[in-house]
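Below is one structure, written out as structure tokens, with a few remarks after it.
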Amino acid sequence: MNKFKYITSTTGNYNLLKQYAKDNRNTATEAESVLWNRIRARQLGVKFRRQHPISDYIADFVCLQLHLVIEVDGAYHYHGDVPENDAKRTEYLNQLGYSLVRFTNEEVIADIDNVILKLNQIIKDMNTTKQTSSSTGWSEPLQPDGQSTSPSGRRGRGMKIAVLAGDGIGPEIMEQGVAVMTAVCEKFGHSVSYKEALCGAHAIDEVGDPFPEETFQTCMEADAVLFASVGDPKFDNNPNAKVRPEQGLLAMRKKLGLFANIRPVETFDCLIHKSPLKDELVRGADFICIRELTGGMYFGEKKEGTDVAYDTNYYTRYEVERILRVAYQYAMQRRKHLTVVDKANVLASSRLWRAVAQEMAPEYPEVVTDYMYVDNAAMRMIQEPTFFDVMVTENTFGDILTDEGSCITGSMGLLPSASTGEHTPVFEPIHGSWPQAKGLNIANPLAQILSVAMLFEYFNLKEEGALIRQAVNASLDQNVRTPEIQVEGGARYGTREVGQWIVDYIKKA
Ligand code: IPM
Ligand code: MN
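Numbering (the numbering used here), first residue to last: 3 to 511.
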């Protein structure tokens, strides 16, 4: 599986690079070559992340999830207990489970294309190595028949997907998500294996823990997690319940380090009349909210007394900077407009956000950065949703604004999301578990299916994602819709029928 997704660099920003040059530890040319690498790596579709623990030691590039370290004349950046001697360093990294590839500065400067070529080959080889799982419970990989290759002739990959269906309508929509995933893998020649794991109310009932250790292990072994929904009214109505399904979700976010929650707000032309807002306001609205997901009040120090209670909106510079980087990367790939949403006129934590954003903005001169108070942003989203391109905000504001965002499109049942960060990424619908609809075959599976599209896109498998989106659009166009969005007099399709229609479409495409 291609996990060449995050790259870490100690020389991760311009100022640092300049500092290196100034200290004469690097010449300006060397510093430039590092930067050049970053640019090229970006062209490969990788994302950067700074300040991973290991990046304090390892110069230039670290592919965290591939466990590949790419050194470009890196030795003089090393400090801490990393040996400077090349052979010893190789041994040290191998012990940590990293493999190593080395380039010299000369090589990089002279022929960057050749370096990229070599890197691509290494990554390809790592991708095609069959993963042999040490643990059990993973389904036998569904191997494509060997005839199927991707329409563009790419080679297939192996993927391990943890399936967390959760509560309420979760299992029903998940069944359709998995069916679509399997159909796409067959079509494009990827082999895929699944493992189901408990979470939410269901997990509390069975093992007393909404995110059991075994589920965590399954997530860590997987390349990606497909998540449906958790929640059950029997907990909602009991304020004294000690464990709640939602705690499972929070534990998952924290333990997997999922600090970036990506929630796109897209409109589907044929459903615009469902929006509570006027057609002409909503038409063309297309933005992404990037919500910080592992900090702020959700996880800050709390006190819950009978007379006093508080939650602390705690943020560090590091947390703010890494989420802003994600936001800038999205902005760069889109319409290059970033709105930083905060409450800097009142909150200290917001002032830190704003200060960090203002420092970082000059690194992205192509992006127009604006700053908006959260109350104003909530209003603007209703008044002029087309104003936004990428919006970034802290955990609690993001929670509130994304519910608002989801309803302006008129179709909460259609919106997927991704949560990414340090470990396995999670893909899930933004809606809840809708317990009242459980087992009725009426829940809309499209958000789950589009979450599968986001999963493929995360791994840079763009055609796969595009085919799913095309299938979803076709189903809507042809009125193959679940009841809540069906046109008057339209035929009745349930969760299963919509899923099956989309699977058939993909097979025929
Ligand atoms: C969400 C949900 C969760 C949150 C709840 C279920 C804990 O509302 O994903 O937006 O508040 O983050
Ligand atoms: Mn929410």
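The C-beta atom is built at its ideal place from N, Cα and C for all residues, glycine as well.
On a predicted model such as this, the values are computed, not experimentally measured, just so you know.
Simplified DSSP assignment, three categories, for residue i
| i | result |
| --- | --- |
| P2 | Residue 2 is absent from the model: the chain starts at 3 and stops at 511. |
| A511 | coil |
| N240 | coil |
| T395 | strand |
| S231 | strand |
| E368 | coil |
| R91 | helix |
| R356 | helix |
| C291 | strand |
| G501 | helix |
| H204 | helix |
| T184 | helix |
| E270 | Sequence inspection shows Phe at residue 270; the Glu mentioned does not correspond to that position. F270 falls in the coil class under three-state DSSP. |
| G491 | coil |
| F389 | helix |
| E306 | strand |
| A224 | coil |
Residue i versus residue j: straight-line alpha-carbon distance, rounded
| i | j | result |
| --- | --- | --- |
| R91 | R104 | 12 Å |
| R483 | E142 | 33 Å |
| V369 | M362 | 11 Å |
| G307 | K244 | 15 Å |
| Y460 | L283 | 30 Å |
| S135 | S193 | Confidence at S135 is low in this model, with a pLDDT of 46, below 50, so the placement of that residue is unreliable and no value is reported for it. |
| D169 | H204 | 6 Å |
| T497 | V428 | 22 Å |
| R246 | C201 | 11 Å |
| F237 | K120 | 54 Å |
| L166 | N87 | 45 Å |
Rounded Cβ spacing between residue i and residue j (contact assumed at less than 8 Å)
| i | j | result |
| --- | --- | --- |
| D1 | R319 | Residue 1 lies beyond the stretch modelled for the chain, which goes from 3 to 511, so this question has no answer here. |
| S413 | K276 | 6 Å |
| E303 | T314 | 4 Å |
| N443 | E216 | Incorrect: roughly 30 Å between the Cβ atoms, too far for contact. |
Bridge partner(s) assigned by DSSP for residue i
| i | result |
| --- | --- |
| T422 | A262 |
| F301 | Bridge partners of F301: none, in fact. |
| P431 | P418 |
| K2 | In the structure as shown, the chain begins at 3 and stops at 511. Residue 2 is therefore absent and cannot be evaluated. |
| L340 | T371 and V392 |
Residue j beta carbon less than 8 Å from that of residue i
| i | j | result |
| --- | --- | --- |
| T398 | M299 | yes |
| S435 | G172 | yes |
| G448 | G407 | For the record, residue 448 in the displayed sequence is Leu; it is not Gly. Result no, Cβ atoms of L448 and G407 do not sit closer than 8 Å. |
| I451 | I470 | yes |
| K305 | Y316 | no |
| D405 | R293 | no |
| Y507 | A455 | no |
| A262 | S421 | yes |
| L273 | L478 | yes |
| M161 | D234 | no |
| V394 | A468 | no |
| V267 | F289 | yes |
| I410 | M383 | yes |
| L295 | L340 | no |
C-beta neighbour in chain D for residue i, strict 8 Å
| i | result |
| --- | --- |
| I432 | As a matter of chain content, chain D is missing from the structure shown, which is built from one protein chain. |
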